[in-house]
Each structure stands twice: as C-alpha cells, then as structure tokens.
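Engineer: Numbering (the numbering used here), first residue to last: 229 to 415.
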C-alpha cells in the first residue's frame, strides 16, 4: 500500500497505518516523494526561488513560511511551515483564498482571516513571478489550443472548451473551484 496517501494527522489514519504489517520475511519501506510536484514545477516553469531552495536542499515549506512571516529560516515555527506548505500547494494548483483558508483550518487547526488569504492570492505574481507568468501563459495556451502537452512525455490532454479569460475573473472574484487546477496539474 502507499502509506503516503493514508492520512497521519487523524486518529483513524494512524490506526489504519498501524494495521498495515509486512508478512513474515518481508519489510515495508518508506519512500517520501519530497514535494515532487513542486520540484517538477520548479524545473518546468524555471522558477528560480523554488529551484534555489531545492538545490540548497532546503525545506521549501519552511522557506515559504520564513518569507511570509519575515523570519530567519531557522526560526520558522511548525505552524508557519504548515502554512507555507498550504500556500505552496495552493499556488501550484491555483487554489484560491477560501480553499486555502479551509485547508489551513482542516490540516493545521488554524482559522486565519479570509483577508490574509486574499492577500496571498493577490501577491502571487510578486512572490513567484516566473511561476505565475508560466502558469498564466500555460492557461492562455490551453484556452487557445484546447489541449495541453505534457512535459517529458509529449502526450496531449484535451481541454476543449476551457476558457481562461472567463474563468480567471470568476475564480478570483467568486473563489469558484473549476478545472483550472486540473489544467495546471497536467501541463
């Protein structure tokens, strides 16, 4: 089983993990993806801030937490790192303020004002300019062509009818979940 897909933060998740045992003579191994989506995105988009952190073998979630709260990397708290993780994946998948707030509450038990997350969304282009520009260009290209080419494999994925000009305004104004995160998940 892929234990990484079984939650560890809940009691039921911990119980399920404890119930999975290797048969006699076999062993379970632990292999962490270590932010693989963010590493691929850093490479494909060429976002220097992400690339530098990964090349320096830094914890990218702690780096984001340090930047958000303007504290040295060594002083980032568990909550700040957790918030950094929420924001990193939200930015990777184009999640909006309400979704980030809900994730933060569910995963970290932190209820932060929605205005904080609106500011995070609005500051995306400043915080990660190369990534933001790549995502924007990719979404416009998908709108124009109706499909996306998957890096590394060259396969195409159909998104016929996807209209980023319409969705961009609705997503930012209404926090609607739509296929934008799916388009970005399959660049």
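Glycine residues also receive a C-beta, built at the ideal position from the N, C-alpha and C atoms.
Straight-line CA distance for residue 293 to residue 253?
Structural biologist: If you number the chain shown from 1, residue 293 lands on position 65. If you number the chain shown from 1, residue 253 lands on position 25. If I take the Cα positions, the gap works out to 43 Å.
Engineer: So, helix, strand or coil for residue 404, using DSSP?
Structural biologist: Position 176 of the chain shown, counted from the first residue, corresponds to residue 404. Legend: pLDDT at residue 404 = 46, less than 50; position of this residue unreliable, value from coordinates given subsequently. Residue 404: coil per DSSP, three-state reduction.
Engineer: Quick one, which of 320, 297 and 365 has its alpha-carbon nearest residue 263's?
Structural biologist: Stepping through the chain shown from its first residue, residue 263 is reached at position 35. Comparing Cα-Cα distances from residue 263 to each of 320, 297 and 365, the minimum goes to 320.
Engineer: Could you tell me how far apart the beta carbons of residue 368 and residue 392 are, in whole angstroms, since I believe they sit closer than 8 Å?
Structural biologist: Counted from its first residue, the chain shown places residue 368 at position 140. Counted from its first residue, the chain shown places residue 392 at position 164. Correct: roughly 6 Å between the Cβ atoms.
Engineer: Between the Cα of residue 352 and those of 259, 370 and 315, spot the shortest distance and give me the residue it belongs to.
Structural biologist: Within the chain shown, numbered from 1, the residue matching residue 352 stands at position 124. Selected option, being the one with the closest Cα: 315.
Engineer: I'd like to check one pair, residue 275 with residue 356: are the Cβ atoms closer than 8 Å?
Structural biologist: Position 128 of the chain shown, counted from the start, is the residue given in the question as residue 356. Position 47 of the chain shown, counted from the start, is the residue given in the question as residue 275. Yes. Within cutoff.
Engineer: So what's residue 248 in DSSP terms, helix, strand or just coil?
Structural biologist: Counting from 1 along the chain shown, the entry for residue 248 is found at position 20. Coil at residue 248, not helix or strand.
Engineer: Check this for me: beta carbons of residue 286 and residue 269, under 8 Å apart or not?
Structural biologist: Within the chain shown, the letter at position 58 stands for residue 286. Within the chain shown, the letter at position 41 stands for residue 269. No, the Cβ-Cβ distance between residue 286 and residue 269 is not below 8 Å.
Engineer: Could you check how far apart the C-beta atoms of residue 234 and residue 245 are, in whole angstroms? I think they sit under 8 Å.
Structural biologist: Within the chain shown, residue 234 is the residue found at index 6, counting from 1. Within the chain shown, residue 245 is the residue found at index 17, counting from 1. About 6 Å; that satisfies the 8 Å criterion.
Engineer: Any idea if residue 281 is buried or exposed, counting beta-carbon neighbours within 10 angstroms, 16 or more meaning buried?
Structural biologist: Taking the chain shown and counting its residues from 1, the one referred to as residue 281 is at position 53. With 16 or more Cβ atoms within 10 Å of its Cβ, residue 281 is classed as buried.
Engineer: Relative to the alpha-carbon of residue 297, which residue among 324, 308 and 289 has its alpha-carbon at the smallest distance?
Structural biologist: In the chain shown, residue 297 corresponds to position 69, counting from 1. Comparing Cα-Cα distances from residue 297 to each of 324, 308 and 289, the minimum goes to 308.
Engineer: If I follow the unbroken alpha helix (DSSP H) through residue 307, where does it start and stop?
Structural biologist: Here residue 307 corresponds to residue number 79 of the chain shown, with the count starting at 1. Residues 306-320.
Engineer: According to DSSP, is residue 230 helix, strand or coil?
Structural biologist: In the chain shown, residue 230 corresponds to position 2, counting from 1. Note: residue 230 maps to coil in three-state DSSP.
Engineer: Assign residue 257 to one of three DSSP states: helix, strand, or coil.
Structural biologist: Sequence index remark: in the chain shown, residue 257 carries index 29 (1-based). Residue 257: coil per DSSP, three-state reduction.
Engineer: So who's on the other strand from residue 385, going by DSSP bridges?
Structural biologist: Numbered from its first residue, the chain shown carries residue 385 at position 157. Answer by DSSP bridge pairing, in chain order: 376.
Engineer: Given this structure, state the Cα-to-Cα distance separating residue 232 from residue 251, to the nearest angstrom.
Structural biologist: Your numbering for residue 232 matches position 4 in the chain shown. Your numbering for residue 251 matches position 23 in the chain shown. Distance between the alpha carbons of residue 232 and residue 251 is about 19 Å.
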